[in-house]
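**Student:**
Residue numbers (the numbering used here): 1 to 505.
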């Protein structure tokens with residue numbers, strides 16, 4: 001008890017000293033024109049105004065202080081962006097100025113000192129890694145070549161639904177397993193959901209995703225760094241980082257040895273890791289990477305892809321149950337185009353304009369990442385007339401932008417709004433940026449898009465859907481929980497019955 005009182009007295013003394021310094025030792029009045037800002041507390045800034053759902057808190061504050069709002073997380077200035085126009089200024093007009101990332105301690109530990117592309121600062125190394133990823137690994141051609149993986153995993157998914165026909169299934173968990181299998185097959189050439197080693201990897205991935213989505217207060221208030229040691233957070237980060245490194249090292253070394261074997265030519269190029277190893281071995285005249293770059297790049301691919309795809313699919317199904325007329329209209333479109341064919345082609349998907357609109361509307365309401373990975377100003381600049389200092393962290397909220405009053409009835413789920421609209425989610429229309437925009441946008445948009453369209457079309461063609469226990473869609477719990485992506489608190493349980501368009505029916 002006495003120890004607690006001493007700590008409390010110490011903290012209060014620091015706050016008092018800080019207040020005295022601010023009042024009596026204030027420098028000459030600044031002429032900077034800063035964005036509107038909510039009142040902050042000494043030492044912790046505005047951190048006390050954030051809950052476990054920060055995107056909700058930031059939207060509420062932005063409605064009071066404006067779509068370009070300056071906050072302080074501890075002593076760190078944070079610019080919160082909540083409108084299409086402000087996002088365009090940051091991510092297009094001044095994309096290069098805001099091209100860097102802040103490097104947080106937890107990211108450095110879990111993501112190989114940020115040597116990949118997701119959280120790396122903007123420099124020559126990042127530009128080379130991004131070029132390799134976009135041009136060599138995730139190009140449209142490479143995605144087309146990996147379509148067979150998507151088709152095989154979609155077929156297996158449909159079979160699992162078929163086997164449970166008429167019974168409740170946890171489709172949230174099924175989407176998660178599907179995403180893991182897709183990403184692992186694309187990255188490593190095999191999936192890890194069946195073996196004991198694979199199951200441990202999936203648990204490890206879940207732990208890593210949770211930690212990557214957790215930023216401790218001590219990142220912004222360094223004198224609170226002791227909390228991570230006391231509550232076990234630091235220990236867990238170290239454990240997960242070590243175990244993930246051991247797993248990836250084993251996978252990469254095994255693959256290098258295999259590709260150096262006598263049948264290397266027949267096995268190379270099957271997956272993204274193969275392509276990286278070929279570049280590492282000097283078999284690419286345009287690019288080069290070091291051995292130490294392989295693990296960060298592979299891990300970034302897994303982190304960026306696994307949760308994103310499953311979260312998007314889950315929210316889309318939730319909204320279809322909440323809007324049964326929309327589901328009926330979508331099923332009618334898919335079935336009219338595909339009829340009783342069992343293989344849905346790329347040409348078929350291109351004709352499904354309503355399905356594309358449904359996915360866009362789902363992403364508007366539920367972007368997988370409600371706050372895009374933070375950017376950082378590389379130099380002093382002005383944004384819509386406001387002065388922004390070098391080092392300022394920028395948080396763009398696609399979730400808030402999706403609720404901007406410029407949308408017609410923004411709270412309604414209305415895919416029809418996109419049918420006669422050129423708006424897409426590739427990063428050029430700032431009304432809809434679930435995957436970001438500019439230099440730092442997600443490079444795997446095409447992969448995610450093809451996966452979502454292919455699976456959703458199959459589910460709508462081959463099955464009729466309902467909720468168990470006579471639950472109605474309007475009664476679904478829409479409360480969220482956060483991590484790297486934002487999920488529903490409750491998993492979605494559904495009952496599927498084969499339609500007349502299902503060959504197994």
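Glycine included, every Cβ here is placed at the ideal spot set by N, Cα and C.
From a predicted model like this one, the values you see are computed outputs, not experimental measurements.
Quick check on residue 152: buried or exposed, where buried means 16 or more other Cβ atoms within 10 Å of its Cβ?
**Tutor:** Counting Cβ neighbours within 10 Å, residue 152 comes out exposed, since fewer than 16 surround it.
**Student:** Excluding the five sequence neighbours on either side, which residues of its own chain have a C-beta within less than 6 Å of the C-beta of residue 466, listed in chain order?
**Tutor:** Excluding sequence neighbours, residue 466 sits near 495.
**Student:** Would you call the CB atoms of residue 150 and residue 451 closer than 7 Å?
**Tutor:** For residue 150 and residue 451, yes; Cβs fall inside 7 Å.
**Student:** Counting only runs that start and end within the stretch 68-147, where is the beta strand (DSSP E) found for 3 or more residues in a row?
**Tutor:** Runs found: 68-73, 76-81.
**Student:** Please go through the same chain and pick out, in chain order, the residues whose beta-carbon is closer than 7 Å to the beta-carbon of residue 142, but skip the five residues on each side of it.
**Tutor:** So the list is empty, once near-sequence residues are dropped.
**Student:** Quick check: the Cα distance between residue 390 and residue 461, rounded to an integer number of angstroms?
**Tutor:** Looking at the two C-alpha atoms, the distance is approximately 52 Å.
**Student:** Indicate the three-state DSSP secondary structure (helix, strand or coil) for residue 486 in the structure shown.
**Tutor:** Correct three-state label for residue 486: strand.
**Student:** My understanding is that residue 87 touches residue 433, with C-beta atoms under 8 Å, so please give their C-beta distance in whole angstroms.
**Tutor:** Contact flag correct, Cβ pair sits at about 6 Å.
**Student:** Based on the DSSP secondary-structure assignment, which residues constitute the bridge partners of residue 514?
**Tutor:** Only positions 1 to 505 of the chain appear in the structure, and residue 514 is not among them; the question remains open.
**Student:** For residue 209, report the span of its alpha helix (DSSP H) as first-last.
**Tutor:** Counting along the chain, the alpha helix (DSSP H) containing residue 209 begins and ends at 196-212.
**Student:** Can you tell me whether DSSP reads residue 359 as helix, strand or coil?
**Tutor:** Residue 359: helix per DSSP, three-state reduction.
**Student:** The beta strand (DSSP E) with residue 386 in it runs from where to where?
**Tutor:** Residue 386 -> beta strand (DSSP E) spans 386-388.
**Student:** Between the beta-carbon of residue 519 and the beta-carbon of residue 396, is there less than 7 Å?
**Tutor:** Outside the displayed range of the chain (1 to 505) lies residue 519, so it cannot be described from this structure.
**Student:** Can you say whether residue 336 is buried or exposed, counting buried as having 16 or more other CB atoms within 10 angstroms of its CB?
**Tutor:** Burial call: exposed.
**Student:** Output needed for residue 37: all residues of its chain with C-beta closer than 6 Å, excluding positions within five of it in sequence on either side, in chain order.
**Tutor:** Around residue 37: 70.
**Student:** When the Cα of residue 300 is compared with those of 46, 31, 120, 481, which residue comes out closest?
**Tutor:** Selected option, being the one with the closest Cα: 120.
**Student:** Residue 493 lies in the beta strand (DSSP E); which residues open and close that run?
**Tutor:** Start and end: 493-498.
**Student:** Ordered along the chain, which non-local residues of its own chain (more than five positions away) have a Cβ less than 6 Å from that of residue 357?
**Tutor:** Around residue 357: 415, 418, 419.
**Student:** Tell me which residue opens and which closes the alpha helix (DSSP H) that residue 235 is part of.
**Tutor:** Where residue 235 is concerned, the enclosing alpha helix (DSSP H) stretches over 233-259.
**Student:** From which residue to which residue does the alpha helix (DSSP H) around residue 315 run?
**Tutor:** Unbroken alpha helix (DSSP H) run through residue 315: 291-322.
**Student:** For residue 307, count neighbouring Cβ atoms within 10 angstroms of its own Cβ and tell me buried if that reaches 16, exposed if not.
**Tutor:** Residue 307 should be labelled buried.
**Student:** Tell me the DSSP secondary structure of residue 375 in three-state form.
**Tutor:** In the structure shown, residue 375 sits in a strand (DSSP, three-state: E or B).
**Student:** Determine, using beta carbons only, whether residue 218 and residue 228 come nearer to each other than 7 Å.
**Tutor:** Contact: yes.
**Student:** Which residues in the same chain as residue 352 place their Cβ atom closer than 8 Å to its Cβ, once the five residues preceding and following it in sequence are excluded?
**Tutor:** If we look at residue 352 and ignore the five residues flanking it on each side, its Cβ neighbours are 333, 334, 337, 453, 457.
**Student:** By the 10 Å Cβ neighbour count, where 16 or more other Cβ atoms means buried, how is residue 39 classified, buried or exposed?
**Tutor:** Label assigned to residue 39: exposed.
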